[in-house]
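Numbering (my numbering), first residue to last: 5 to 613.
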């Protein structure tokens, strides 16, 4: 048996109908063929040309690259939809650059015109590319593998031998063998045509369809999402209604009337910190214990929310974001009446040790004469006081080891009745006067249980205790499940398109001039692979029991034109077809070549299939 392997060479232009591979060399994928015909002039011709360019795979890859590049500014430049305060700060610090960014839409990248245009073009390009390929692949599945080319020796993997078995027996055994190995096989004249590896194209199509699914998921998540924040002090709760949020933003198609009924109460916040070593002050436990319910009359349940363990409830997720302290104070006015009692959240200015600032607003206070006298207190709170003897307020540890509250008192008009929104964590001092005692501002550093009295008998404020607060993000992202499905499908499809090879195999059996049967095996893959010759050798060895190698004649091995004097016997089928040497190119006039069969072939298509 003689064997031959080779590497497909660039065949140049497509051959005519009389070339070697014909329909057997048809493409092994559904990739659209290149059409270099220039479009005719006129609107229809240019529209057709534009559509072909847009739906080409290279344009889809270019748009995907542009989408990735376009998303970079969204992670580097502050975004209005995420943190409008940082956007305002950036504009204040970079006047000229901020104006340019504003015109380019850099502060709202993902909703800008140019980003949306890339997104929509990519969506259209993928659909326009995948739908025709899917129909073409369905047609290939319904069709049959193409017949054997005229000259199998031109294929990259090839082997041949002679046998005493009849051609019909060899072809029948070959067809059974190929079907057993999950090839799609059928008889075509004096040959069996088989094909395998359709899952490669399935994986390719699944990968691109998954990209479309992910684009749809991102669109759904952007248009129908909702997200809001809420700061809750221990003992307080939250109900999922628009008025309960501290801040709230949603997608263009989200309906605030469709908010699912659920809520929760912060029972206790638990936090412990590393007390020594280089990681001193690092949180070790950061957990919010809550009681939650779902539905208008839902049963209450207890659970805990941690930083990486959100609460999944009614299609939304509740994330734990941060933590701080709320000093408890009791305020009495000039009449001795308690006009405010409760915990006031103070916001950390030092995220490591929780040096915090906050304000206390008391709009219902009066003087001892019954006159309106609104009170305001601006203060600092430190959980572990570290400024003893220095006159400054700072914390040296985040736990409540030595809590101290410092307040400065004001009175007058807080401006809460003007109708304009106010920041609850800031004190508007435009219409306020600072209390002074003998020309010095009235301020006091207090420990829990201590009281600061106001001048002129206008009342007092007592530091009664400390509670913890926690801030939560309530997020509704309807496209997350769809995006996860698309991502998983994309990985599976990509793996299939990379690791599965689509290939065709032909087995030809024809009677030779000496009366023996000439058996030929040849294979063609969509891409060059060392696995194809190995697989062809395995098929030859598996077929040998049904088509055993013919015995050599007295004068030499049997060939198509009779004995060859002084020739050595043909070897048995090798485990792997031997690669041809530099001087072993097949001679078309070689009498040992198998007989040619009628039918056109196309070597260029076969080489690039």
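For each residue, glycine too, the CB sits at the ideal point set by N, CA and C. Predicted model, so just to flag it, every value in this text is computed and none were measured.
Nearest-angstrom Cα distance between residue i and residue j?
i: residue 99; j: residue 432; result: 27 Å
i: residue 446; j: residue 346; result: 22 Å
i: residue 235; j: residue 330; result: 11 Å
i: residue 511; j: residue 505; result: 19 Å
i: residue 358; j: residue 469; result: 17 Å
i: residue 237; j: residue 348; result: 8 Å
i: residue 164; j: residue 178; result: 14 Å
i: residue 159; j: residue 516; result: 21 Å
i: residue 296; j: residue 302; result: 9 Å
i: residue 378; j: residue 444; result: 21 Å
i: residue 539; j: residue 216; result: 36 Å
i: residue 89; j: residue 96; result: 11 Å
i: residue 417; j: residue 375; result: 12 Å
i: residue 477; j: residue 271; result: 17 Å
i: residue 341; j: residue 362; result: 23 Å
i: residue 85; j: residue 123; result: 19 Å
i: residue 182; j: residue 61; result: 34 Å
i: residue 351; j: residue 494; result: 44 Å
i: residue 466; j: residue 366; result: 13 Å
i: residue 413; j: residue 243; result: 34 Å
If you measure from the beta carbon of residue i to each beta carbon in chain D, is any gap under 7 Å?
i: residue 90; result: Protein chain content of the structure displayed is limited to a single chain, and chain D is not contained in it.
Ordered along the chain, which non-local residues of its own chain (more than five positions away) have a Cβ less than 7 Å from that of residue i?
i: residue 43; result: Legend: pLDDT at residue 43 = 49, less than 50; position of this residue unreliable, value from coordinates given subsequently. Cβ neighbours of residue 43 beyond the five flanking positions: 49, 50, 52 and 53.
i: residue 129; result: 58, 59, 63, 64 and 67
i: residue 614; result: Missing from the structure shown is residue 614; the chain here goes from 5 to 613 and no further.
i: residue 449; result: 408 and 410
i: residue 314; result: 321, 322 and 323
i: residue 371; result: 338, 377 and 462
i: residue 403; result: 277, 387 and 388
i: residue 171; result: 194, 513, 514, 515 and 521
i: residue 400; result: 357, 388 and 390
i: residue 592; result: Note that residue 592 scores a pLDDT of 36, beneath 50, so its modelled location is shaky; the value from the coordinates is reported in the next line. Answer for residue 592: no residue qualifies.
Pop quiz: residue i and residue j are said to be a contact at Cβ under 8 Å. What is the actual Cβ separation, rounded to whole angstroms?
i: residue 397; j: residue 384; result: 4 Å
i: residue 294; j: residue 268; result: 5 Å
i: residue 490; j: residue 218; result: 4 Å
i: residue 532; j: residue 194; result: Not a contact, Cβ separation roughly 28 Å.
i: residue 498; j: residue 207; result: 7 Å
i: residue 474; j: residue 273; result: 5 Å
i: residue 484; j: residue 225; result: 7 Å
Please classify residue i: is it buried, with 16 or more other beta-carbons within 10 angstroms of its beta-carbon, or exposed?
i: residue 187; result: buried
i: residue 104; result: exposed
i: residue 305; result: exposed
i: residue 429; result: exposed
i: residue 501; result: buried
i: residue 426; result: exposed
i: residue 549; result: exposed
i: residue 320; result: buried
i: residue 460; result: exposed
i: residue 256; result: exposed
i: residue 355; result: exposed
i: residue 389; result: buried
i: residue 139; result: exposed
i: residue 283; result: exposed
i: residue 422; result: exposed
i: residue 471; result: buried
i: residue 55; result: exposed
i: residue 204; result: buried
i: residue 289; result: exposed
i: residue 529; result: buried
i: residue 328; result: buried
i: residue 360; result: buried
i: residue 136; result: exposed
i: residue 280; result: exposed
i: residue 47; result: exposed
i: residue 93; result: exposed
Quick one: what's got a C-beta closer than 8 Å to residue i's C-beta in the same chain, skipping five residues either side?
i: residue 391; result: 397 and 398
i: residue 113; result: 74, 75, 77, 78, 81, 83 and 119
i: residue 309; result: 291, 292, 294, 315, 322, 323, 324 and 476
i: residue 440; result: 446 and 459
Who are the Cβ neighbours of residue i in its own chain at under 6 Å, not counting the five residues just before and after it?
i: residue 551; result: 167, 169, 174 and 523
i: residue 318; result: 264, 266 and 298
i: residue 127; result: 219
Complete runs of the alpha helix (DSSP H) confined to the region 489-529 [at least 4 residues]: none
Every unbroken alpha helix (DSSP H) inside the region 63-125 [4 residues or more]: 88-97 and 99-108
Beta strand (DSSP E) runs wholly inside the region 313-360, at least 3 long, in chain order: 315-317, 320-337 and 342-347
Segments assigned beta strand (DSSP E), at least 3 residues, entirely inside the region 453-483: 455-457 and 463-480
Length-filtered (3 minimum) beta strand (DSSP E) runs lying within the region 160-191: 161-167
Minimum length 3: unbroken beta strand (DSSP E) runs contained in the region 248-320: 251-254, 266-277, 287-298, 305-310 and 315-317
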